[in-house]
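Heads up, the sequence shown is in UniProt numbering, so the first residue is 1 and it goes up one at a time. Notes follow once the structure below has been shown.
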Amino acid sequence: MNNGINVTGSAAQCCKMASPRKTQIRISMISFMFARIRPTQPLLWTVQRLYSGISSSKKQEKVSSLLKFFKKTKRRKDLADPTHPSNVTFLEIRQFLKDFSCQTHTNITDADIHNPYDIVKAFLPFQRRHNVIPSVKIRGTSHNGDGLAIIPKSMYASEYTDSENVLGKYTVLMIPKTAVGDKVKVLLKMHHEFYAEGELIEVLNKGSRQSKRNEQMILCKHFQECNGCQLQMLSYPEQLLFKQNVIKRAYQLFYPNLKIDRELGVVNPSPLQYSYRTKLTPHFEVRDGKCTKLGFQHVNNRGKIDVENCPIATVEINDKLHQARTKYLQGPPMKQLTLRQSMRIDHDTGEFYETALEGQSKVITERIEDFIYQFDSNCFFQNNNSVLPSVLDYIRYHMKQLETPVENVVDTYCGVGFFGIALSNFHEKLNVFGIEISESSIKYANHNMKLNGLYPERTKFILGDASNIFGNDEFKNSGIKGKGSVVIVDPSRKGSDELFLKQLLQFEPDMIVYVSCNVFTQARDLANFEELQGENQKYRVADVVGFDFFPQTKHVESVAILKRKLCT
C-alpha cells in the first residue's frame with residue numbers, strides 16, 4: 001500500500017550501509033526509539049470503527065505507536081477523514097473478508113485478521129526473519145492496484161506470539177504487481193494492524209486461464225521493481241474494468257444511496273496507452289557525494305531504481321531524460337528533476353514542434369484543441385493531453401442538454417484557466433469567471449486569457465479561496481447568477497469542504513461538473529451535498545464516468561454531472 005513503510009530515512013540507511021556489528025547497534029537503537037515512543041491516538045478505524053472482540057488496550061496503543069513511525073502521510077495528514085487512504089484500506093479489507101467468507105462458507109471477521117503487538121514488532125524492518133509463503137492465491141485487488149490474499153496465521157506466526165493469537169486467525173496480504181487469479185510465492189514483510197505487506201517472489205501459474213495476468217502486455221523492463229505503474233500485466237480492457245470497479249467501490253462506501261439511470265463509472269479510454277505522460281519527476285540516489293542513480297522508488301522500498309527510459313512518458317520526455325542522465329550522473333548531489341513536455345512556436349511562420357524542458361522555473365506551452373496554454377513548470381496541468389478533448393466533449397454534451405441556455409461558466413479551483421478557456425467557445429457571448437488560490441496559477445490564467453484573445457469584459461480570473469467564491473466581493477459584483485450558469489468543481493485530492501458545498505447549493509447553478517482525481521472524496525462530497533439539501537432535493541446526479549488519464553497505473557479521473565431539477 002502507498003501508506004505502508006518508508007525505510008529510506010537516515011536510520012534505515014545507516015543500518016543498510018553499516019558493518020554487521022554496527023548494524024546490530026543500529027537495530028538496538030531503533031528498538032530503543034520504539035520503546036520511547038509514547039502511545040498516541042490509534043488510527044480512526046481502530047478508535048471509531050469498533051471491530052468485534054478487540055479492546056483498545058495498552059498493547060493496541062503500542063501497536064499504533066510502532067506503525068506510526070513508518071506511516072507515509074505526505075499527501076493526506078487528515079487521519080480523521082473517512083476517505084483517508086488508511087481508512088479506505090480498512091473498508092476495502094472488510095469487504096474483502098465478506099466476499100471471501102461468502103465464497104468459502106466461513107465467517108471471518110475483523111478480529112480474526114487483527115495483528116497483535118508481538119507479530120507487528122517481529123516483522124519490523126531489519127529484524128524480521130525470512131518468512132516465505134510458498135503458494136498463495138490472489139483473490140481481490142485494492143484501489144491501489146495491490147493484490148489481496150488471505151492465509152492462516154498458523155502457517156508462519158506460531159513462533160512469534162501466543163497460540164490464542166494464531167489458532168483460527170488469519171492474515172490479509174497486500175501484494176503489489178499481482179493480479180486476481182495469480183498463484184504466487186510471497187515474502188512476508190511489514191505487518192500493520194489489519195493486513196501485512198507481501199513481496200512478490202514468483203508467479204507460479206503464468207499463462208493460466210485462472211489468472212488475469214498477461215506477461216506479454218508488460219513493456220517496461222523495470223515494471224516488477226518500479227512503483228510508478230501497477231497494471232501493465234493486465235490487458236487494457238481489464239485495466240478499464242479495474243478502474244470502473246474502483247469508482248463503483250468508492251460510491252458504495254461513501255454514497256451508497258446514489259441512483260442514476262446510466263451504468264455507474266464507465267471509464268473512457270485514453271487514445272494513448274503508452275508515450276502519453278507529459279510530466280516526469282525522476283529522483284536521484286546519492287552515494288559518496290555523487291548522483292549514482294536517476295529514476296523512481298523501488299516498489300519494495302529498496303531505494304531508487306535506475307531508469308534509462310520510461311515507456312509511459314512521451315518521446316520528448318525520454319530524450320530529455322537521456323540527456324539529463326549524461327549531464328548529472330556522477331556529478332554533485334541533487335534531489336530530483338522536473339521534465340515537462342512543451343511546444344516551441346516559430347512566431348514568424350506559425351509552425352510549432354514538440355520538445356521537453358528541464359527545470360522548475362521554465363515556461364511550458366501546450367495546445368489543447370484550438371487553445372494555447374502557458375504556465376510555470378511548477379503549476380498543475382493534466383499530464384495526458386490526449387484525453388482532454390474527450391473530457392471537454394463530454395461536458396459540452398451535457399451543457400447542450402440543459403433546458404436553459406448557458407450564459408456563464410464558473411470555474412472554481414481554476415488553476416491556469418484550462419476549463420474556463422476551453423469552454424469559452426461554447427457560444428460567443430459566454431461569460432467565464434474563475435478563482436484560484438495559487439498566485440502563480442492565476443497569473444498564468446490571466447495571461448492565457450489574453451494569449452487566446454478572450455474578451456476581458458466577459459472573462460475574469462481572480463486570486464482567492466474557492467471555498468468562499470460565492471461570498472467573494474469580485475464575484476458578487478460580476479452580476480453572475482445561478483440561473484444560466486455551469487459550475488466546474490475541480491479540487492485537489494482531499495476534495496471540497498462543507499462551506500463551499502453550502503454556498504454552491506445557495507447559488508443554484510443549472511449544472512455542476514465535479515472533476516476529481518480522488519473518487520473517494522468525490523463520492524463523500526456528493527453524499528454531503530445531498531444531505532445538505534434535506535427533503536427539498538434541488539439536484540440529481542445525472543451521470544458519473546471515468547477518464548483514463550493514466551494508463552498502466554492505478555489512477556482514474558472521475559467526472560460527475562449534477563443537474564438542477566426543473567420545477568413541475
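C-beta atoms are modelled at their ideal positions from N, C-alpha and C, and glycine is treated no differently. Quick caveat: nothing in here was measured; it's all calculated off a predicted structure.
By the 10 Å Cβ neighbour count, where 16 or more other Cβ atoms means buried, how is residue i classified, buried or exposed?
i	result
residue 364	buried
residue 219	exposed
residue 262	exposed
residue 367	exposed
residue 215	exposed
residue 152	exposed
residue 495	buried
residue 107	exposed
residue 479	exposed
residue 270	buried
residue 545	buried
residue 80	exposed
residue 323	exposed
residue 477	exposed
residue 145	buried
residue 102	exposed
residue 315	exposed
residue 566	exposed
residue 163	exposed
residue 474	exposed
residue 417	buried
residue 471	exposed
residue 350	exposed
residue 281	exposed
residue 207	exposed
Give me the Cα-Cα distance between residue i and residue j, rounded to the nearest whole angstrom.
i	j	result
residue 570	residue 140	This structure does not reach residue 570, given that the chain is present from 1 up to 568, and the question cannot be answered.
residue 355	residue 287	32 Å
residue 209	residue 147	17 Å
residue 573	residue 555	No statement about residue 573 is possible, as the shown extent of the chain runs from 1 to 568 and does not include it.
residue 44	residue 497	For residue 44, the predicted structure reports a pLDDT of 37, less than 50, and the residue's modelled location is therefore unreliable. The matter cannot be settled from this model.
residue 420	residue 512	14 Å
residue 605	residue 411	Here the chain covers residues 1 to 568 and nothing more, so residue 605 does not appear.
residue 409	residue 516	18 Å
residue 423	residue 392	7 Å
residue 255	residue 535	17 Å
residue 258	residue 301	39 Å
residue 170	residue 104	14 Å
residue 370	residue 460	20 Å
residue 296	residue 308	11 Å
residue 122	residue 195	14 Å
residue 131	residue 228	26 Å
residue 381	residue 166	50 Å
residue 311	residue 135	31 Å
residue 563	residue 533	14 Å
residue 177	residue 407	48 Å
residue 325	residue 359	14 Å
residue 538	residue 508	8 Å
residue 35	residue 222	Since pLDDT at residue 35 reaches only 38, below the 50 mark, its modelled position is unreliable, and no value is offered.
residue 389	residue 437	26 Å
residue 467	residue 204	52 Å
residue 522	residue 428	32 Å
residue 127	residue 199	16 Å
residue 260	residue 561	11 Å
residue 503	residue 404	21 Å
What distance in whole Å lies between the Cβ atoms of residue j and residue i, which are believed to be in contact at a cut-off of 8 Å?
i	j	result
residue 186	residue 150	That pair is no contact at about 12 Å.
residue 212	residue 168	Not a contact, Cβ separation roughly 31 Å.
residue 249	residue 143	7 Å
residue 157	residue 201	Not a contact, Cβ separation roughly 19 Å.
residue 499	residue 529	That belief does not hold up - the Cβ atoms of residue 499 and residue 529 are roughly 12 Å apart, past 8 Å.
residue 481	residue 510	Rounded, the Cβ-Cβ distance is 10 Å, inconsistent with contact.
residue 548	residue 137	The pair is not a contact, with the Cβ atoms about 28 Å apart (cut-off 8 Å).
residue 277	residue 313	5 Å
Taking 9 Å as the CB-CB cut-off, is residue i touching chain B?
i	result
residue 474	In the structure shown, chain B does not exist; there is a single protein chain.
Threshold first: 4 residues or longer. Then list the alpha helix (DSSP H) segments lying entirely within the stretch 159 to 222, N to C. none
Can we say the stretch 449 to 456 touches the stretch 490 to 500, given the rule of at least three CB pairs closer than 8 Å? no
At which residue ranges does the stretch 343 to 376 contain complete beta strand (DSSP E) runs of 3 or more residues, listed in the order of the chain? 352 to 358, 363 to 368 and 371 to 376
Tell me whether the stretch 188 to 201 and the stretch 260 to 274 touch, counting them as touching only if at least three CB pairs, one residue from each stretch, are closer than 8 Å. no
Would you call the stretch 341 to 357 and the stretch 392 to 408 in contact, with 3 or more CB pairs under 8 Å? no
Going residue by residue through the stretch 105 to 134, where are the continuous alpha helix (DSSP H) segments of at least 4 residues, counting only ones entirely within it? 110 to 113 and 117 to 122
So does the stretch 323 to 343 actually touch the stretch 289 to 298, counting three or more Cβ pairs closer than 8 Å? yes
Please specify which runs of the beta strand (DSSP E), each continuous and at least 3 residues long, are wholly inside the stretch 481 to 529, giving them in chain order. 485 to 489 and 511 to 516
Complete alpha helix (DSSP H) runs within the stretch 235 to 283 (minimum length 4 residues, chain order): 236 to 254
Extract the residue ranges of the beta strand (DSSP E) inside the stretch 389 to 449, only unbroken runs of 3 or more that lie entirely within it. 408 to 412 and 431 to 436
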